[in-house]
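Numbered by mature numbering (1 follows the signal peptide of the UniProt record, and there is no 0), the letters in the sequence shown go through residues -15 to -1, 1 to 578 in order. We put the CB at the ideal spot given by N, CA and C, even for glycine. Worksheet for the structure shown next.
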Amino acid sequence: MVLALSFAAFSPVASLCTRTNSCSLRSTPHSQEASLLRQAAEVADLSAGLTAPHPNFGCVIARGTDVVGHGFLYAQGTKCAELQAVEIARELSRGATAYLNLEPGDCYGDLTPVSSLVQAGISRVVVGIRHPLHHLRGKAIQALRSQGVQVDVVGEDLLGKAFEVHQLQEALKSCLVVNAPLLYWAAYCVPFSVLKFAMTLDGKIAASSGHASWVSSKVSRHRVFELRGRSDAIIVGGNTVRRDDPQLTARHGGGHVPARIVLSRTLDFPEERKLWNVFDAYTIVATQRGACKDMQKKLASKGVEVVEFDFLNPKDVMEYCYDRGYLSLLWECGGSLSAPAIKSGVIHKLFAFVAPKIIGGENAPSPVGELGNVEMTQAIDLIDVSYEQIGPDILVSGYIKPIPDLSPVIPSVDETSALDPTISPYETNIIFFYKTWDEYGVFSNFSPHPVQMPDENGDYIMWPSVEHYYQAHKFIPADAPLAGEFVQQIKIAKSPEEAARLGRKLQRQHPEMVREDWDTVKIDVMYSALKCKFSTYSNLKSLLCSTAGCILVEASPHDLFWGGGREGEGLNYLGRLLMKLRSEIMENTSTPV
């Protein structure tokens, strides 16, 4: 009864469970497998818009067709989907089957997903797709099999009759779609980019005068807010900023707040624009090197980050966003920017909201500018097109570049070296790390490793991550009541990303609450937390020591204090502290007793 009540309270999964239990008695084993795997993909998508884009993991535990447990990764550094599912299923996990849309691998060295399933007595695991990142690919599957768990991967182990294969392919497609950003990121080394526009039936995004409020309906605009919430950042051109003065927020009561990126070669902007207000959302302006230094200074004084490129173009900006760790981007630009973005191959999917109205006008702008095509045979055909009525409008969506299907096994570094001895993965003595899903992502202060640290009274307090501890200590000692509230808000943040966003936001909005000696003590604060982290987790300590002789660099292109910077100009203090800690650990280990 307790399990039934907890399921009913979670309506998305409850509806999925009802659908599964109503399966026909004639349904085949593979059709049931496909249905349960689709549910895992749907569950994995439940964090969309709530937190920053991340690899989406969902887990559904079933006994036959009865779902007894479920879980999804809320954000990087939070409780894994597999552990959530077995905690709900409890004793019903023993002998059951777990359905995973994606092979586990949230953070290198974190064995919780595998150990949760093994210790709960799961006898079989069905995996939608292998992890696309080479350093994680196949690792969890191998670990589960080594513990005696049967693991079946769709397309590799699950085969059936023609109609069953179709159902499994549809389930596989669901697994691919829910992690499309991660797959594009892994395959093409650029963020997943979606171009969105609204147009009239005659293909105009505004009147000849430039007036565009509103082409689409309120219902369609609400869907746009949802798309924004699923994105790391929203991209517009300079013309949009000058003409429309947009705010580009997701406009929800809580959840993820995407950054705003403006592309402009000239920086010919008014001094006051909504995007220059960075209290609630971060703004980056990408421009040509040397452009309008006066405006660059004014933007920087408002907290806007200005990034210069030798030659501003969509491809280089996407490479920068990839280096920054962005998974998903939403382009809301006009035709003069969308056309070069499409031509350079950085746009992967398109959302077009078509309104049932006609505006006319020979000079009225269209959503895509000059592509150089002169014949209709040169038109770009969308792939996997879908149509949806949104209020009075029609939403047409499809892919320009198909989702990468990484079904062929990608050889590991060792296998690659064995195949071609001339390829050496150890040519360089520099190890870069940044996002927690990177090969050395556990070196990040965002990794999901709680630390127990003493407070000013000597009492030990558990912090969810190093980042939680670091951000909170901007306001410790909390002499003012408001500062104490800030500390508590950061401490209970659900993820390291949320703690960082909150800490930075509060620092911008209430600089008077930041401790006066913060610039002096912040290195010591970080180092003390790092020491605790690596002394608490032996696997992390071993990994750190295994990098002996290598230079460690946090590959943040924008943090010039803790990271290495875009062109190596950063101070790389996080890397320095890790190397210092590594030396201390190895020195103490080698010291005779």
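Using CA coordinates, which residue listed in the options is at the minimum distance from residue i?
i           : options                   : result
H434        : D509, Y522, P377 and V499 : Y522
L180        : V506, G330, A125 and Y419 : G330
K64         : C44, Q437, Q494 and R48   : C44
Q456        : K507, G443 and L167       : K507
P352        : H55, E470 and D187        : D187
L297        : A276, F57 and H15         : A276
E155        : G560, A533, A26 and S323  : A26
Y512        : E483, T225 and H458       : H458
D229        : R258, G214, L212 and I219 : R258
D509        : L491, W547, G123 and R489 : W547
L559        : L467, S480, D30 and F417  : F417
S178        : A484, D217, A29 and F210  : D217
V163        : I220, D51 and L22         : L22
L356        : S323, G383, G49 and P299  : S323
V53         : Q69, F42 and Y59          : Q69
residue 646 : A60, I114, T225 and G223  : Residue 646 cannot be examined here, being either before or after the span of the chain that is shown, -15 to 578.
L233        : C535, T268 and K278       : T268
L58         : A19, P98, E76 and R79     : P98
A81         : V71, P89, Y305 and G376   : V71
C530        : Y173, F254, E424 and S568 : S568
V226        : R75, C318 and A66         : C318
D502        : V112, V136, Y84 and P462  : P462
P341        : S202, P466, Y419 and I388 : S202
V292        : S100, D544, V209 and K386 : D544
L335        : R561, R130, I385 and V359 : I385
G240        : M498, S32, G488 and E572  : S32
Where does residue i fall in DSSP's three states?
i    : result
F182 : strand
S402 : In this prediction, S402 has a pLDDT of 36, which is less than 50 and means its spatial position is unreliable; nothing more can be read from the coordinates.
A364 : coil
D502 : coil
S194 : coil
F546 : coil
Q232 : coil
S9   : Note that S9 scores a pLDDT of 32, beneath 50, so its modelled location is shaky; the value from the coordinates is reported in the next line. S9: coil per DSSP, three-state reduction.
N164 : coil
T97  : helix
F148 : Per-residue confidence for F148 stands at a pLDDT of 49, beneath the threshold of 50, marking its modelled position as unreliable; the derived number appears in the next sentence. Note: F148 maps to helix in three-state DSSP.
H55  : strand
R227 : helix
G371 : This sequence places Ser at residue 371; Gly is not what is there. S371 falls in the strand class under three-state DSSP.
I379 : strand
A457 : helix
With a 10 Å radius around its C-beta and 16 neighbouring C-beta atoms as the bar for buried, classify residue i as buried or exposed.
i           : result
G345        : exposed
H116        : buried
H39         : buried
residue 582 : Residue 582 is absent from the structure shown; the chain starts at -15 and stops at 578.
R274        : exposed
P14         : exposed
T574        : exposed
M361        : exposed
Q473        : exposed
R122        : buried
V204        : exposed
E441        : exposed
P542        : buried
F182        : buried
P350        : buried
A533        : exposed
V370        : exposed
N414        : exposed
I126        : buried
L118        : buried
DSSP has residue i in a bridge; who is on the other side?
i    : result
W422 : Per DSSP, none; premise fails for W422.
T63  : T63 is not bridged to any residue.
Q127 : According to DSSP, Q127 bridges with nothing at all.
I416 : L537
F177 : S313
R109 : T82 and Q135
V436 : W448
G43  : F57
R245 : I219 and T268
T36  : A33
V353 : DSSP lists no partner for V353.
Taking three-plus beta-carbon pairs below 8 Å as touching, is the stretch 511 to 530 in contact with the stretch 445 to 452?
yes
So, does the stretch 358 to 371 touch the stretch 303 to 319, judging by three or more C-beta pairs under 8 Å?
no
With a threshold of 8 Å, are at least 3 pairs of Cβ atoms found where one atom belongs to the stretch 239 to 257 and the other to the stretch 207 to 226?
yes
Counting Cβ pairs closer than 8 Å, one from the stretch 95 to 111 and one from the stretch 158 to 175, do we hit at least three?
no
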